[in-house]
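Q: Each protein sequence line maps, in turn, to chains A and B. Letter 101 of the first sequence, counting from 1, is numbered 101 in the working numbering, and no numbers are missing. Letter 127 of the second sequence, counting from 1, is numbered 1127 in the working numbering, and no numbers are missing. Here's a structure for you.
Number of protein chains: 2
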Amino acid sequence: MPKIKAINHVAVVVDDMDKSLHFWRDALGMDLHELRDVPAEKSQIAFLPLAGAEVELVMPTSDDSGIAKYLAKRGPGMHHICLEVDDIEGMMSVLKEKNIRLINEEPRTAVDGKKYAFVHPESTGGVLVELYQL
Amino acid sequence: MPKIKAINHVAVVVDDMDKSLHFWRDALGMDLHELRDVPAEKSQIAFLPLAGAEVELVMPTSDDSGIAKYLAKRGPGMHHICLEVDDIEGMMSVLKEKNIRLINEEPRTAVDGKKYAFVHPESTGGVLVELYQL
Chain A
1 MPKIKAINHV
11 AVVVDDMDKS
21 LHFWRDALGM
31 DLHELRDVPA
41 EKSQIAFLPL
51 AGAEVELVMP
61 TSDDSGIAKY
71 LAKRGPGMHH
81 ICLEVDDIEG
91 MMSVLKEKNI
101 RLINEEPRTA
111 VDGKKYAFVH
121 PESTGGVLVE
131 LYQL
Chain B
1001 MPKIKAINHV
1011 AVVVDDMDKS
1021 LHFWRDALGM
1031 DLHELRDVPA
1041 EKSQIAFLPL
1051 AGAEVELVMP
1061 TSDDSGIAKY
1071 LAKRGPGMHH
1081 ICLEVDDIEG
1091 MMSVLKEKNI
1101 RLINEEPRTA
1111 VDGKKYAFVH
1121 PESTGGVLVE
1131 LYQL
């Protein structure tokens, strides 16, 4: 059976990166591992690792991205939780059998080779869930 | 300096516990450690531990609780992220120095002796953050 191994990261959509980093980095003292522009997602992302997991702060850099629309509609706040899974194909088969609504019917592959897929909030209790295999 | 040690848990407000458990427990295969009625918070909480962290599903059991009002206003979804800190009093002094807006000016003590306090979303980038000392 495929297994969920850990919380990999929690992603927060922010509208003001400097103000957000004032809290997460300067006040909480968390390590800002990287502040990366991600043109493919029209976003700037701050990565703050924490004991095997990570907090990610995501700020849209363009008004026409999915993340910008999310921000405009819902305001800043939690965007998704990412769970590490040992066998993403196996897990997605199980989810389909259980009639869980998926956003990605098949895993997608990122530039770094990791596989991921999103589960629709309708099936999770209202939260966007990303599955991720290293 | 006080330090953030780990993500302790992520709490999700749900309006249908059975449907939510169908995803988290039955489909993802996560262990339901406990399904607890918490009269003090007028809630039922499902605890699903995961490699030192935890996913908590919180369902209001009364219409007049804070969590019920949150659900009515925002719909189901992520409620807060809880970070473990080694020295909560020290951390709260730092946060005050940095003009971070707190919901609890002083740590509160739970029945089990753990200390906790909430930081206002206004200062965090939009997400309710709980600090927690074991």
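Here a beta-carbon is modelled for each residue, glycine too, at the ideal position from N, C-alpha and C.
#1: Could you pull the DSSP bridge partners for L1057 (chain B) from this structure?
#2: For the beta strand (DSSP E) that K115 (chain A) lies in, which residues bound it at each end?
#3: Roughly how many angstroms lie between the CA atoms of D1086 (chain B) and N104 (chain A), to the nearest whole one?
#4: Can you name the residues of chain B whose CB is closer than 7 Å to the CB of P121 (chain A)?
#5: For A1006 (chain B), which residues of its own chain have a beta-carbon under 8 Å away from its beta-carbon, when the five flanking residues on both sides are left out?
#6: What residues are listed by DSSP as bridge partners for L131 (chain A)?
#7: Could you list which residues in chain A have their beta carbon closer than 8 Å to that of K1003 (chain B), in chain order?
#8: From the beta carbon of A110 (chain A), is the nearest beta carbon of chain B less than 8 Å away?
#9: State yes or no: is the beta carbon of D141 (chain A) nearer than 8 Å to at least one beta carbon in chain B?
#10: Assuming S1043 (chain B) and M1017 (chain B) form a contact by the criterion Cβ under 8 Å, report the distance between their Cβ atoms to the nearest whole angstrom.
#11: Counting only beta-carbon separations shorter than 8 Å, does F1023 (chain B) have a partner in chain A?
#12: Per DSSP, what kind of secondary structure is K98 (chain A) in: helix, strand or coil?
#13: Does any residue of chain B bring its CB to less than 8 Å from the CB of I100 (chain A)?
#14: Run the CB neighbour count on T109 (chain A), radius 10 Å, all protein chains shown included, and call it buried at 16 or more, exposed below.
#15: Return yes when the Cβ of M91 (chain A) is within less than 8 Å of the Cβ of L131 (chain A), no when it is not.
#16: Alpha helix (DSSP H) containing L1071 (chain B): first to last residue?
#17: If you draw a straight line from the alpha carbon of P76 (chain A) to that of V1013 (chain B), how long is it in whole angstroms?
#18: Can you give the beta carbon distance from I45 (chain A) to V38 (chain A), rounded, assuming they're within the 8 Å contact cut?
#19: At the level of alpha carbons, what is the spacing between H1033 (chain B) and D1026 (chain B)?
#20: Note down the Cα distance separating E1122 (chain B) from N1008 (chain B), rounded to an integer number of angstroms.
#21: Expressed to the nearest angstrom, what Euclidean distance is found between the alpha-carbon atoms of V1094 (chain B) and F47 (chain A)?
#22: Excluding the 5 residues flanking S1036 (chain B) on each side, which residues of the same chain have their C-beta closer than 6 Å to its C-beta?
#23: At the level of alpha carbons, what is the spacing between G126 (chain A) and M1078 (chain B)?
A: Based on what the coordinates show:
#1: Here residue 1057 (chain B) is taken as the residue at index 57 of the second sequence, counted from 1. Looking at the DSSP assignment, L1057 (chain B) forms a beta bridge with B:V1012 and B:A1046.
#2: Here residue 115 (chain A) refers to the residue found at position 115 when the first sequence is read from its first residue. Its beta strand (DSSP E) spans residues K115 to V119.
#3: Position 86 of the second sequence holds residue 1086 (chain B). Position 104 of the first sequence holds residue 104 (chain A). Cα to Cα, D1086 (chain B) sits roughly 39 Å from N104 (chain A).
#4: Here residue 121 (chain A) is taken as the residue at index 121 of the first sequence, counted from 1. In chain order: G1077.
#5: Looking up residue 1006 (chain B) in the second sequence gives position 6. The residues are G1052, A1053, L1083 and E1084.
#6: The residue you call residue 131 (chain A) lines up with position 131 of the first sequence. The partner list for L131 (chain A) (beta bridge, DSSP) reads A:L83 and A:A117.
#7: In the second sequence, residue 1003 (chain B) corresponds to position 3, counting from 1. By Cβ distance, chain A contributes G29.
#8: As a first step, residue 110 (chain A) is located in the first sequence; it is residue number 110 there, counting from the start. Answer no: the Cβ-Cβ gap between A110 (chain A) and chain B never drops below 8 Å.
#9: For chain A, the structure presents residues 1 to 134; residue 141 (chain A) sits outside this window and is missing.
#10: The residue you call residue 1043 (chain B) lines up with position 43 of the second sequence. The residue you call residue 1017 (chain B) lines up with position 17 of the second sequence. Actually they do not touch by this definition, with Cβ atoms about 10 Å apart.
#11: Stepping through the second sequence from its first residue, residue 1023 (chain B) is reached at position 23. Interface residue, yes.
#12: Within the first sequence, numbered from 1, the residue matching residue 98 (chain A) stands at position 98. K98 (chain A) falls in the coil class under three-state DSSP.
#13: Position 100 of the first sequence, counting from 1, holds the residue named residue 100 (chain A). Interface residue, yes.
#14: For the purposes of this step, residue 109 (chain A) is identified with residue 109 of the first sequence, where counting begins at 1. Burial call: exposed.
#15: In the first sequence, residue 131 (chain A) corresponds to position 131, counting from 1. In the first sequence, residue 91 (chain A) corresponds to position 91, counting from 1. In contact: L131 (chain A) and M91 (chain A) (Cβ atoms closer than 8 Å).
#16: Locating residue 1071 (chain B) in the second sequence gives position 71, counting from the first residue. That run of the alpha helix (DSSP H) goes G1066 to R1074.
#17: Stepping through the first sequence from its first residue, residue 76 (chain A) is reached at position 76. Stepping through the second sequence from its first residue, residue 1013 (chain B) is reached at position 13. One C-alpha to the other measures close to 17 Å.
#18: On the first sequence, residue 45 (chain A) is found 45 positions in, with the first residue counted as 1. On the first sequence, residue 38 (chain A) is found 38 positions in, with the first residue counted as 1. 6 Å between Cβ atoms; contact.
#19: By 1-based counting over the second sequence, the position of residue 1033 (chain B) is 33. By 1-based counting over the second sequence, the position of residue 1026 (chain B) is 26. C-alpha separation (whole angstroms): 13 Å.
#20: Counting from 1 along the second sequence, the entry for residue 1122 (chain B) is found at position 122. Counting from 1 along the second sequence, the entry for residue 1008 (chain B) is found at position 8. If you take the alpha carbons of E1122 (chain B) and N1008 (chain B), they lie about 21 Å apart.
#21: Here residue 1094 (chain B) is taken as the residue at index 94 of the second sequence, counted from 1. Here residue 47 (chain A) is taken as the residue at index 47 of the first sequence, counted from 1. Using only the alpha carbons, I get a separation of about 22 Å.
#22: Locating residue 1036 (chain B) in the second sequence gives position 36, where the first residue counts as 1. In the sequence as displayed, the identity of residue 1036 (chain B) is Arg instead of Ser. Closer than 6 Å at the Cβ level, and outside the excluded window around R1036 (chain B), lie I1045.
#23: Start at 1 with the first residue of the first sequence, and residue 126 (chain A) comes out as number 126. Start at 1 with the first residue of the second sequence, and residue 1078 (chain B) comes out as number 78. Their Cα atoms are separated by approximately 7 Å.
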